[in-house]
Amino acid sequence: MVDPGQPLKVNLQPFSVVDDPGFKEFVHLLNPNYKIPNRHSISKVLIPAEYETCVNAMKVLINEELETGCITTDCWTSRNTEGFMAITIHFIDLNFELRSVLLSCHPYSESHTSENLRCFAHTLNLIVQSALKQESSIIEKVKAISTHFRKSTTAHHKLMTYQTNLGEKQPKKMLQDVSTRWNSTFYMLQRFVDLEVAIRGTIGLLDKALDPLNSDEWLTVKEFCKVLSPFEEATKAISGEQYMTASLTIVIVHGLQNVCELMKKCNYSQRTNHLINNLVTGMNDRQSWGNIEKSNTLGKCTFLDPRFKNVPFVNNVSMLNTIKNDIIDSTSQLISLTRSEITTSNTTSNIEPSTSLESTSGPKENTFSIWETIDTLITHMQPVERTSRSRAIIEVQRYMEEALVPRSSNPLIWWKEQKHNFPFLSILARRMLCCLSSSSHITLIHSISISSTSLYDIYKYQKMKKVAITGISISE
Numbered sequence: 004m005v006d007p008g009q010p011l012k013v014n015l016q017p018f019s020v021v022d023d024p025g026f027k028e029f030v031h032l033l034n035p036n037y038k039i040p041n042r043h044s045i046s047k048v049l050i051p052a053e054y055e056t057c058v059n060a061m062k063v064l065i066n067e068e069l070e071t072g073c074i075t076t077d078c079w080t081s082r083n084t085e086g087f088m089a090i091t092i093h094f095i096d097l098n099f100e101l102r103s104v105l106l107s108c109h110p111y112s113e114s115h116t117s118e119n120l121r122c123f124a125h126t127l128n129l130i131v132q133s134a135l136k137q138e139s140s141i142i143e144k145v146k147a148i149s150t151h152f153r154k155s156t157t158a159h160h161k162l163m164t165y166q167t168n169l170g171e172k173q174p175k176k177m178l179q180d181v182s183t184r185w186n187s188t189f190y191m192l193q194r195f196v197d198l199e200v201a202i203r204g205t206i207g208l209l210d211k212a213l214d215p216l217n218s219d220e221w222l223t224v225k226e227f228c229k230v231l232s233p234f235e236e237a238t239k240a241i242s243g244e245q246y247m248t249a250s251l252t253i254v255i256v257h258g259l260q261n262v263c264e265l266m267k268k269c270n271y272s273q274r275t276n277h278l279i280n281n282l283v284t285g286m287n288d289r290q291s292w293g294n295i296e297k298s299n300t301l302g303k304c305t306f307l308d309p310r311f312k313n314v315p316f317v318n319n320v321s322m323l324n325t326i327k328n329d330i331i332d333s334t335s336q337l338i339s340l341t342r343s344e345i346t347t348s349n350t351t352s353n354i355e356p357s358t359s360l361e362s363t364s365g366p367k368e369n370t371f372s373i374w375e376t377i378d379t380l381i382t383h384m385q386p387v388e389r390t391s392r393s394r395a396i397i398e399v400q401r402y403m404e405e406a407l408v409p410r411s412s413n414p415l416i417w418w419k420e421q422k423h424n425f426p427f428l429s430i431l432a433r434r435m436l437c438c439l440s441s442s443s444h445i446t447l448i449h450s451i452s453i454s455s456t457s458l459y460d461i462y463k464y465q466k467m468k469k470v471a472i473t474g475i476s477i478s479e
């Protein structure tokens, strides 16, 4: 059955696309008998119906699969300067798959800078942006050249032609940075370095006199790219949508701190060393970086990640002991709760109603059984049942003794395969590892709000909310 709302939900097309003559002609060629619904039917009937279907499906999913979840919020401003907040819940289902459900998307008029509503990716963004601001002169110089090559058709054509003459089969364009994302500055600098030969060969042929980079500045830009590369790698890793990121946070923090110490020992220029020092200062600042390394929640997520376990805490025995004891306590509580439920269930099932026949009958006759002796011995020789805590300690210790899995592997697959070997610890892992350290999961919602300057005027709030939720549900 054809779903006429599919292009609107998946490809974010405006409702008015069904009125376009070209679209009508295209559909007619495919099927002359198909009647395209008008925009009002889509807006008032199809999308609301799909919205209700998706909401009901998500309710069933949450009721059946969710035990504990992690809620993230993200705020942004559309091209029409309309503020929005999206609320998403993330959890690991019974099949050990990370699931994310968009709960709501609302207009939001309050300030939503990353200073007030933070995630680790935002914090990282602030630190690098602050460090780059102090080196703005050379970055602005690169930006001015990049902007001219992007805006001037003549300059752009000469740059493309020069690359073609050099044998490039796919000439590259200059990139422009975005003020709100530091990594866009990195990509601009990286592309600038990649096109060094073409830029040097073209800039002198332009009608407009641009301020070119001298040799020392070219060297500095190249060094900047090397220094910023680990931070770009960290930003990409922490912004992943298909895997949990909280267990990576402490590992990434340690990695950035260590790599900065290594870069300090390199023979870089004075400006590059200044950039490195600014980055280190930002990471040491409690206001921006905070106590990420001391977070008990992040620590437990890292410990329960079979790729890392106790390795990130080898130099912090006190924190490792705290985390390990917390894990043991939580596992012990799970064991106690399970035993209590089993005992209650057995007690209920073993209760038999008394009958008048039993109460009036005489004493039972002695019976003889070949199993009586062995049953008596088994009863007396049955090992004493371990306490919940002792069993938890053993399960955690066996987990620690397992070999670490490759860093590129999926920890949830490992837990799914090992859940019978670690029956209680796997439950705790499923509850803890849903934590995320970034709220970047709703890229599609950003697209809905900025993909068309007239989109908000078409959808208004309720319609945009419904398209957002149906679109997210389909994309999962």
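Under this note's numbering, the sequence shown has 321 at position 318, and the numbering climbs by one with no breaks. Note that the Cβ used here is the ideal one computed from N, Cα and C, for glycine as well.
Straight-line gap, residue i to residue j (C-alpha atoms, nearest Å)
i, j, result
"C108", "N280", "40 Å"
"N287", "L129", "13 Å"
"W374", "F425", "35 Å"
"A237", "S298", "19 Å"
"L427", "L340", "Sequence check: residue 427 is Phe here, not Leu. C-alpha separation (whole angstroms): 11 Å."
"C269", "Q193", "20 Å"
"D378", "M247", "50 Å"
"R434", "Y402", "17 Å"
"E404", "T334", "17 Å"
"R203", "S133", "30 Å"
"P483", "K172", "Since the displayed the chain opens at 4 and closes at 479, residue 483 lies outside it and no answer follows."
"R42", "N36", "19 Å"
"L360", "T370", "At L360 the pLDDT is 41, less than 50, meaning the model places this residue with poor confidence and gives no usable figure here."
"I295", "L69", "27 Å"
"K312", "V283", "27 Å"
"G25", "S44", "20 Å"
"T183", "H125", "10 Å"
"Q249", "C263", "It should be noted that the sequence gives Ala, not Gln, for residue 249. Spanning the two alpha carbons is a distance of roughly 22 Å."
"S343", "S391", "11 Å"
DSSP state of residue i mapped onto helix, strand, coil
i, result
"P51", "helix"
"L458", "Note that L458 scores a pLDDT of 36, beneath 50, so its modelled location is shaky; the value from the coordinates is reported in the next line. Of the three classes helix, strand and coil, the one that applies to L458 here is helix, per DSSP."
"L222", "helix"
"Y438", "According to the sequence displayed, residue 438 carries Cys and not Tyr. Correct three-state label for C438: coil."
"P215", "coil"
"C269", "coil"
"L101", "strand"
"F227", "helix"
"F94", "strand"
"I122", "The sequence given here has Cys at residue 122, not Ile. Here C122 sits in coil by DSSP."
"V21", "helix"
"R184", "strand"
"I74", "strand"
"P309", "coil"
"I39", "coil"
"I373", "coil"
"W292", "coil"
"V317", "coil"
"L198", "coil"
"M286", "helix"
"R274", "helix"
"G170", "coil"
Anticipated Cβ contact below 8 Å, residue i with residue j, distance rounded
i, j, result
"T205", "K161", "5 Å"
"K175", "Q166", "7 Å"
"L301", "I241", "Their Cβ separation, rounded to whole angstroms, is 12 Å, which puts L301 and I241 out of contact at 8 Å."
"L486", "P40", "Missing from the structure shown is residue 486; the chain here goes from 4 to 479 and no further."
"T71", "H93", "The pair is not a contact, with the Cβ atoms about 10 Å apart (cut-off 8 Å)."
"T223", "T275", "6 Å"
"L436", "I95", "6 Å"
"I142", "E220", "Not a contact, Cβ separation roughly 11 Å."
"L439", "C73", "6 Å"
"V196", "K239", "Not really, about 19 Å apart at Cβ, beyond 8 Å."
Nonlocal neighbours in the same chain, by C-beta distance under 6 Å from residue i, ignoring five residues either side
i, result
"K422", "S429"
"T358", "Residue placement at T358 cannot be trusted, given a pLDDT of 46 that sits under 50; the coordinates are not used to answer."
"M177", "S149, F152, R153"
"W185", "N128, V131, Q132"
"I396", "I331"
"V21", "I39, R42"
"K419", "F99"
"V314", "none"
Counterpart residues of residue i in DSSP-defined beta bridges
i, result
"W79", "F87"
"P110", "F87"
Cβ shell of residue i (< 7 Å), same chain only, five flanking positions each side left out
i, result
"M266", "V230, I279"
"Q260", "M286"
"I255", "A237, A240, I241"
"C304", "A249, S250, M435, L436, C438"
Same chain only: Cβ atoms within 8 Å of residue i, ignoring 5 sequence neighbours per side
i, result
"V2", "Any question about residue 2 goes unanswered here, given that the chain covers just 4 to 479."
Contact test: residue i Cβ vs the ligand COA heavy atom, cutoff 6 Å
i, result
"Q260", "As for the ligand COA, it is missing from this structure, which has no ligand bound."
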